Structures are given as C-alpha cells and as structure tokens.
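*Asks:* Each residue of the sequence shown is one higher than the last, beginning at 1 in this note's numbering.
I am attaching a structure below and will ask some questions about it afterwards.
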Amino acid sequence: MSDGSLAWMLVSTALVLFMVPGLALFYGGMVRAKNVVNMLMMNLYCLGSVSVAWVVIGFSLGNSGDGGFVGNLDYFGLRDISSTEDIVGVVFSMTFAVITPALISGAVADRMKFKAWMVFVPVWSILVYCPVFFWVYSGWMHKWGVLDFAGGTAIHINAGAAALALVLVLGKRRGWPRDHHPSHSSVLVVLGAGILWFGWFGFNGGSAFASDEFAARAVLNTFIAGGAGMLGWLAIERMRDHRSTSIGAASGVIAALVAITPAAGFVGGLSPIVFGVAAGVVCFLAIQLKTALGYDDSLDVVGVHMVGGIVGGILLGLFADVQAFSADSGADFAEGAFFGGGWGGGTLIWDQLVSMGAVLLFSFVATWIIAKVLDKIMGIRVEDETEVVGLDIALHAERAYVL
1 MSDGSLAWML VSTALVLFMV PGLALFYGGM VRAKNVVNML MMNLYCLGSV SVAWVVIGFS
61 LGNSGDGGFV GNLDYFGLRD ISSTEDIVGV VFSMTFAVIT PALISGAVAD RMKFKAWMVF
121 VPVWSILVYC PVFFWVYSGW MHKWGVLDFA GGTAIHINAG AAALALVLVL GKRRGWPRDH
181 HPSHSSVLVV LGAGILWFGW FGFNGGSAFA SDEFAARAVL NTFIAGGAGM LGWLAIERMR
241 DHRSTSIGAA SGVIAALVAI TPAAGFVGGL SPIVFGVAAG VVCFLAIQLK TALGYDDSLD
301 VVGVHMVGGI VGGILLGLFA DVQAFSADSG ADFAEGAFFG GGWGGGTLIW DQLVSMGAVL
361 LFSFVATWII AKVLDKIMGI RVEDETEVVG LDIALHAERA YVL
C-alpha cells in the first residue's frame, strides 16, 4: 500500500466513523423530543460494543479462512495482524461493522428496552453480520463473482431485513398508525443527512482500498447519485402530496446513497443519476406500504435501506460497465446486462438477485430467532407507562432539551 493510499484509507476510516453520530442526529431529529437521548444512545452504544466484539472475534469470523459460509478463528483477538495493510483492513472494516446495527435502531425507535438493545447488538453482529460479510467478500458469493463495492447487500439489505424481523417481534407503537408521531426537529435531520453524505465519500471511496481511479469514480458517483436521489424524492413527493419537505429532501439523499453503495466503483457516465432517481422514487413509494402491510418501522429503515439496497443491487446487475474505466485501471469484473453481460443463469444480474435473496432470507430468519429468544429471556419492549412518559427520562434519566 502506497503512502498516498494509506493516508486515504485512514481518512476514509475517520469519515465512516463520523457517520455514526451523523446517523444519531438524523434519526434523533425524526423521533419525538422525549426519545431523542435514547436514539443517540442506541447509536453511540454500537461504537463501543461492536468495536470490541469486532477485534476479539468479528474480524476473524468475517475475513479468515477459505470456506464458503463463515470465517474461522485464525485472527481471533487480532492474532497475526501485524502488517500495515492488515491493520488498516481491521480498522476500516470495523467502522462498517459498527454502523450496520446502528441502522436498525431507527426501526425500533420509541419502544425497545435499552438493556435488550445492549445484548442484541453484539449478538446480532457476531451471528448475522459476520457471516453475511464473509459471504459477500470472501465466501460463496465472492467466489461466484457477485459484486458489492461498499456494502449494499452486506450492510443495507442485511440491516433492512433484520429491522423488519425485529419490528415484527417488537410490535407496533402505542396508537400507531392512528396517532401521528411527528419528527421533532427537521434541523437535526438535515444536519445528520449532511454528515452522512459527507461520510459516505469515505464509505464508498475508501472501499477501493487505494487512492486510485476506483476511489475517484466512487466519490464522483456518490455525489451524483445523492443529488439525483433528492430530486427524485422531491418530485414524487410533490406529485403525491403537493408539497416539498426538508425531511423528504434528506431522505431522498440517503435512499440514493444506499442504492449507489454496491455499484459506486463499478459504474460510470450518467448511470448514477439513474440509481439516484430510481432510489428516490421507489423508496418513497415503499414507505407508503408499511401501513397497509401492518408493520411499524418507525423511521423507515426497511423502506430506505432494504429497498434501496435491492434497487442498487438490481441496477448494478444492469449497469456495471468495465469500459467506464481507463485501460490501465485494472478494471476486471462481470458486466451488467445493458453492457453485454446477458440475462440468463450465471450472468451478473442473476447472481445479484440470488445473493440478495439469500441475505434477505438469512438475516430475517436469524434476527427473528434472536429477537424471540431475547424476548423470552428478558423482554424487549418497554412498558406502556415508559412509552407514554418517554424513554429519555424512564431509561436514561436525561432530557435532550431543558427549557
């Protein structure tokens, strides 16, 4: 690893870590004022618990060995991790491991016991996240040639499917959907979205693991897709509701960033505009379905992250383009169906669909089992009185605002 690449990876690591407080603000602004501290704590807790679990066992399970389904314990406790490249790999991938369960927190806002969350996060990270991460980047999906540049399947679809399972076990908020649960601060939402967009340059650009053409292309595509996603969401919001909201604009950016994540280093030209607009429109429509389907996903993790990840994975199977890169870039990956890759079995689009389906099924079922076991052992939902009073005072003895 050159000095320039090393510097870029260290900066990217810091950018991704900064996304966690950004996510906390983004989610915190969308909950009611009486639950803001709880949302901040759910996100910040991931920084502590997952980082420790990752260096003890998670990195080894997610990266070691040449099996198909899960790593071994070769790197247990960071054993034999000594080179600069290995250290950078540990710390950069650790930021991804941290933010993935943090994404789930938005789905269970306003009603999950914090002590249950404290157990759920490290257990889920080890039993669900690590195997999926291994599948995508070392195991059977990687050997198939499945593409996921920065975690569309390993992170966003994985977290979205887990969020759906967890909210089904947890149950609906009191009064939902009859009672409205308004966002308490659009200012925090927009600030959080801005931090997330900023951090996403490290999230996607750093996934090149070098300061090269792939990193530059990923940063460019991330910028373009985010802007296009905002426009797509605002357009469909105005067509449906005859208004344009700041929370809608922020949500469109996040949906598009999710969609471009698996493809950031594999597409070029105007393709990221397609990813952004498609994600903005499809994710907006997806979150309208939760009332009809009867699941209470508080902050639309399923509609944005699971659906956005699926949109990105499908479009990657269509738009992956080796020709978008220079001859000396070393680009060598399967091309999308629109660029000569074909449509039948064994093609990229087919592999993308199978891999996403496998992660959806595994993450949903495994999370459902974990949630059910925790509910039996300790209960995962707060009491009605706590939900009415607010989780901040009842669980943390703090208020976000003292006025």
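Think of the CB as a built atom: it goes at the ideal place given N, C-alpha and C, for glycine as much as any other residue.
These numbers come from a predicted model, not from an experiment.
According to DSSP, what are the bridge partners of R381?
*Replies:* R381 is bridged to M112.
*Asks:* For L166 and P21, what's the separation of their Cα atoms in angstroms?
*Replies:* A straight-line Cα-Cα distance of about 23 Å links L166 and P21.
*Asks:* At which residue ranges does the region 242-291 contain complete alpha helix (DSSP H) runs of 4 or more residues, listed in the order of the chain?
*Replies:* 246-260 and 271-287
*Asks:* In whole angstroms, give me the CA-to-CA distance for P122 and F319.
*Replies:* 36 Å
*Asks:* Quick check on the burial criterion: 16 or more other C-beta atoms within 10 angstroms. Buried or exposed for A53?
*Replies:* buried
*Asks:* Kindly indicate which three-state DSSP category D375 falls into: helix, strand or coil?
*Replies:* helix
*Asks:* Please work out which residues of its chain come closer than 8 Å, Cβ to Cβ, to K143, disregarding the five sequence neighbours upstream and downstream, and give them in chain order.
*Replies:* Apart from the 5 residues on each side of it in sequence, K143 sits with its Cβ closer than 8 Å to the Cβ of G68 in its chain, given in chain order.
*Asks:* Select from F364, V365 and L40 the residue whose C-alpha is nearest the C-alpha of V189.
*Replies:* L40
*Asks:* Shortest alpha-carbon distance to L404 belongs to which of V56, S105 and C130?
*Replies:* No answer is possible for residue 404: it lies beyond the span of the chain, which begins at 1 and ends at 403.
*Asks:* Quick one: is K290 buried, meaning 16 or more other Cβ sit within 10 Å of its Cβ, or exposed?
*Replies:* buried
*Asks:* Using DSSP with H/G/I as helix, E/B as strand and the rest coil, what is N72?
*Replies:* DSSP places N72 in coil when its eight states are reduced to three.
*Asks:* Got a sec, what are the start and stop residues for the alpha helix (DSSP H) T84 sits in?
*Replies:* T84 to I104 is the extent of the alpha helix (DSSP H) around T84.
*Asks:* What does a CB cutoff of less than 8 Å around H396 pick up in its chain, not counting 5 residues either side in sequence?
*Replies:* V37, N38, M41 and F114
*Asks:* Less than 8 Å between the C-beta atoms of S326 and I247, yes or no?
*Replies:* no
*Asks:* What number of angstroms, rounded off, separates the C-alpha of A161 from the C-alpha of V322?
*Replies:* 31 Å
*Asks:* For L147 versus F275, is the C-beta spacing smaller than 8 Å?
*Replies:* no
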